Structures are given as structure tokens and as C-alpha cells.
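So the structure is just underneath, and the comments pick up after that.
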Amino acid sequence: MTGTTLVVLAPDGFPEVARGTDLATLVADAVELLPGDVVVVTSKVVSKAEGRVVAGGDDSYARALASETLRLVASRGPVQIVRQRLGLVMAAAGIDRSNVSTGNLVLLPEDPDSSARELRRRLRALTGVNVGVVITDTSGRAWREGQTDIAIGVAGLVPLEQFAGRHDSYGNELSVTMPAVADEIAGAAELAQGKLGGRPVAVVRGRQDLVLTPEDDGPGAVALVRPEGGDLFGYGSREAVVAALAQAPGTASVFGSPVSAEELLHAVRRVLPGVTAERAAARQAPGADACTGLDLALPPGAAREALAALCFSHGWRIALWQPDVAHPDAVIARVSPDIP
-12 MTGTTLVVLA
-2 PDGFPEVARG
8 TDLATLVADA
18 VELLPGDVVV
28 VTSKVVSKAE
38 GRVVAGGDDS
48 YARALASETL
58 RLVASRGPVQ
68 IVRQRLGLVM
78 AAAGIDRSNV
88 STGNLVLLPE
98 DPDSSARELR
108 RRLRALTGVN
118 VGVVITDTSG
128 RAWREGQTDI
138 AIGVAGLVPL
148 EQFAGRHDSY
158 GNELSVTMPA
168 VADEIAGAAE
178 LAQGKLGGRP
188 VAVVRGRQDL
198 VLTPEDDGPG
208 AVALVRPEGG
218 DLFGYGSREA
228 VVAALAQAPG
238 TASVFGSPVS
248 AEELLHAVRR
258 VLPGVTAERA
268 AARQAPGADA
278 CTGLDLALPP
288 GAAREALAAL
298 CFSHGWRIAL
308 WQPDVAHPDA
318 VIARVSPDIP
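Okay, so the sequence shown: first residue is -12 according to our numbering, each after it adds one.
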């Protein structure tokens, strides 16, 4: 029987890493590399080598968290899930107190893709071998218990395989299948490294097809990060409610692009039963510019704040709010997609 063999090597005896340590030399001394290998290194040792270790303490941690955070995604008690400055969504912006001297904090590398490219270049200079490089960090997952390692820096490796448009063995066309192979390699390497094994480096062998030519570093791990507004879960469940009601400037993009009029109306009717609607353009005078919005007839007592929050979270806005002359105590609200 033929098949594919994947080998993961995680050498013991890796020395302690400090600022200025030449990681490429340590890797080259620890394992004999073959063309097409993928060298997997934890972000912890990359950060140590790059001097991304800071003194601990509550004040230091708070400052580090603020400097590494773009925005809060969700929190439960002391746990904060944030969108980190690299676009990664993770607990505490990836700041770690483990596997470092007591009282210190380790921040993620300044630019993991750049770090991966430099390590790849140095390994080729030292060994003459073309390899791919993956820098990893540990992350939790929505909907799943436990953590796994993911790729936060990639060089010389295809981070995503594109299967869209191809057909499976039954003839079905694949539409969105896109394996995150860099993350899969990170997880495979972590199985051999272990969390407490003192093995921060691993070599994954058997997927030479994913390794690019020496001149091509590829798009990097940034290709794995969804843009703001492209994720269906840009906020935690509680935080989404607060964000929609607060409507702070700059936060609308987290909810994504404006939805269709039908989708907005469905949401409005779930919260404000009895709403009737017609296209706003139908109420305009002849010759006026067409409007893609809706005129909503709201029942008496309908809260403008509720409609505003619904519009905000669906990419729309209230353009007009006025009494309904035909129905006392009712109002007409004109809403339109919030497109600049």
C-alpha cells in the first residue's frame, strides 16, 4: 500500500535563548535539515531572541496589554480576548508569563512574518538547504475547549491551500474549502514538542510540495488573518449588544458590510413587531434621485434607540425620523445603507 508519510522531529537539549541569540545557528546545530523541510519555532524563543521580554508587575502588564491591543473582542471576568495589533484574536494579546524567568512577560514578536523570513534566509546561508519556516503561538478556539498551536509567522510556505472550484471523488464542486495548512503544521509540530518538554523547535518533513522556491517567501501568516468586518464573530455576545447600543465612532466596521433591505427588515420585525415598510424611492417626488433605503412605519411607543442599534449593527442608519400624519403616536423612519 502506498501513502503519504509525515515525520515530525523535535530535538531535545535546546539551550536557553536570550536577546541576541542566533536562532538559525541553534537550529542548524540541533537537526540536519533536508530540502523541503518545514522548520517550526515557537514564538516564545523568537521573542526572547528579539528582546521582546519586559519586566512584569500589574502596571507593566496593563501597559503591555494596552500597547499590544487594537480593541477588545470579549471579556469574562479577568479574561480578555482582544484583537491584537497583528490582527490576531487571542487572550491577553498573546502576552505570556510561562517559560520565562519569574516576574517577566513575553510579548509576541514585533513582526512574525519578517522574523520567519530572516530565519529562513539565515538557515539557507548556513546549510545551503531550502526550507519553509513557521513561527507558532498557542491559541484558544471559539466553540471548542482547549488550545492548539497556530501559525503567526510564515516564510517560504503556502499557508493556505485553495480547493475552491475543484471536485471531490464524487464529482461535487468545492466552493469554500481552504485548508489552513500552516496552522495544521503548527499543530502537528506541537504534538512532538509538548508544552513542558523544552523543545521549542521542530522539523516537519513530508510536505515538500508546500515549500516555495528560495526566492519566494510567500504571503506570510498575514494571509490567515481575516480583515476587520470579515469575521462573523467580531465581538463577543455581550460586547456586540453594548457596541450596537453605544455606536462609538469607528466600531461599525466590525459588524461588516451593510446587509440587504430584506435582512434588515427581518431583524427589525423580530425586535419591533408590526413594522410595515416600503421602498423610500416610492415616496419621493418625480425626478428626485432614487433612494435604496426604506420607509418604516413604526408602531406607537417604538424606541428610536432600538432601531438605531439594529441599523448600526446591520450597516444601516436612520436618515429621517418624523411623525406619521396618518396614524397618531406612530412615526415614520427612513433608513438607508450607511455607505460613505
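Heads up, the beta-carbon is just placed ideally off N, CA and C, and yes, glycines get one too. None of the values given here were measured: they were computed from a predicted structure.
Our contact map puts residue i next to residue j with C-beta atoms below 8 angstroms; I'd like the distance itself, whole angstroms only.
i, j, result
"Ala78", "Gly127", "6 angstroms"
"Ile172", "Val322", "Actually they do not touch by this definition, with Cβ atoms about 47 angstroms apart."
"Leu(-7)", "Gly217", "Contact doesn't hold; Cβ gap of about 31 angstroms is too wide."
"Val209", "Asp100", "6 angstroms"
"Val228", "Val118", "Not a contact, Cβ separation roughly 47 angstroms."
"Val191", "Val(-5)", "5 angstroms"
"Val262", "Ala284", "7 angstroms"
"Ala142", "Arg104", "4 angstroms"
"Phe220", "Ser300", "That belief does not hold up - the Cβ atoms of Phe220 and Ser300 are roughly 13 angstroms apart, past 8 angstroms."
"Ala11", "Leu110", "5 angstroms"
"Pro96", "Ser30", "6 angstroms"
"Glu177", "Thr123", "7 angstroms"
Look up residue i in the DSSP assignment and say whether it is helix, strand or coil.
i, result
"Leu283", "strand"
"Asp155", "coil"
"Pro260", "coil"
"Ile326", "coil"
"Gln195", "helix"
"Glu3", "coil"
"Arg304", "strand"
"Asp276", "Note that Asp276 scores 42 on pLDDT, short of 50, meaning its location in the model is unreliable; the coordinates nonetheless yield the value given after this. Asp276: coil per DSSP, three-state reduction."
"Arg291", "helix"
"Leu174", "First, the residue type needs correcting, since residue 174 is Gly and not Leu in the sequence shown. It is helical."
"Glu265", "strand"
"Gly143", "coil"
"Thr114", "helix"
"Ser62", "strand"
"Ala320", "strand"
"Val120", "strand"
"Glu148", "coil"
"Gln412", "Absent from the structure is residue 412, since the part of the chain shown begins at -12 and ends at 327."
"Pro99", "helix"
"Gln180", "helix"
"Asp218", "coil"
"Asp9", "coil"
"Val14", "helix"
"Val87", "coil"
"Val(-6)", "strand"
"Leu21", "coil"
"His253", "helix"
"Val246", "coil"
"Glu202", "coil"
"Ala49", "helix"
"Arg213", "coil"
"Ala239", "helix"
"Ala208", "helix"
"Ala230", "helix"
"Ala36", "helix"
"Ala169", "helix"
Exposed or buried, which one is residue i when buried takes at least 16 other CB atoms within 10 Å?
i, result
"Gly7", "exposed"
"Val25", "buried"
"Asp276", "Model confidence at Asp276 stands at a pLDDT of 42, short of 50, so the residue's coordinates are unreliable; what they give is reported in the following sentence. Exposed, since its Cβ has fewer than 16 Cβ neighbours within 10 Å."
"His253", "exposed"
"Ile326", "exposed"
"Asn159", "exposed"
"Lys35", "buried"
"Pro187", "buried"
"Gln71", "buried"
"Val312", "exposed"
"Val258", "exposed"
"Gln149", "exposed"
"Val336", "This structure does not reach residue 336, given that the chain is present from -12 up to 327, and the question cannot be answered."
"Gly90", "exposed"
"Val66", "exposed"
"Tyr157", "exposed"
"Arg270", "Below a pLDDT of 50, predicted positions are generally treated as unreliable, and Arg270, at 47, falls in that range; the measurement from the model is reported next regardless. So Arg270 counts as exposed."
"Leu307", "exposed"
"Glu265", "exposed"
When DSSP builds the beta bridges, which residues end up paired with residue i?
i, result
"Ala92", "Looking at the sequence itself, residue 92 is Leu, so the reference to Ala does not match. Its beta-bridge partners are Val41."
"Pro77", "Before going further, note that residue 77 is Met rather than Pro in the sequence given. Paired residues: Val69."
"Ser54", "Its beta-bridge partners do not exist; DSSP assigns none."
"Ala189", "Val27"
"Gly127", "Gln134"
"Gln309", "Ile319"
"Glu160", "His154"
Report whether the distance from the Cβ of residue i to the nearest heavy atom of the ligand SAM is below 8 angstroms.
i, result
"Leu13", "The ligand SAM is absent from the structure shown, which contains no ligand whatsoever."
For residue i and chain D, any beta-carbon pair shorter than 9 angstroms?
i, result
"Ala230", "You won't find chain D in this structure, because it holds only one protein chain."
Flag this pair as touching only if the region 159 to 178 and the region 134 to 141 have three or more C-beta atom pairs under 8 angstroms; answer yes or no.
Counting Cβ pairs under 8 angstroms, three or more are found: they touch.
For the pair the region 3 to 22 and the region 43 to 60, tell me if three or more CB-CB distances fall below 8 angstroms.
Contact between the region 3 to 22 and the region 43 to 60 is absent: fewer than 3 CB-CB pairs across the two stretches fall below 8 angstroms.
The region 85 to 92 touching the region -12 to 0, judged by at least three CB pairs closer than 8 angstroms:
No, they do not touch.
I'd like to know if the region 200 to 218 and the region 34 to 44 are in contact, where contact means that at least 3 CB-CB pairs between them fall below 8 angstroms.
Segments in contact, no.
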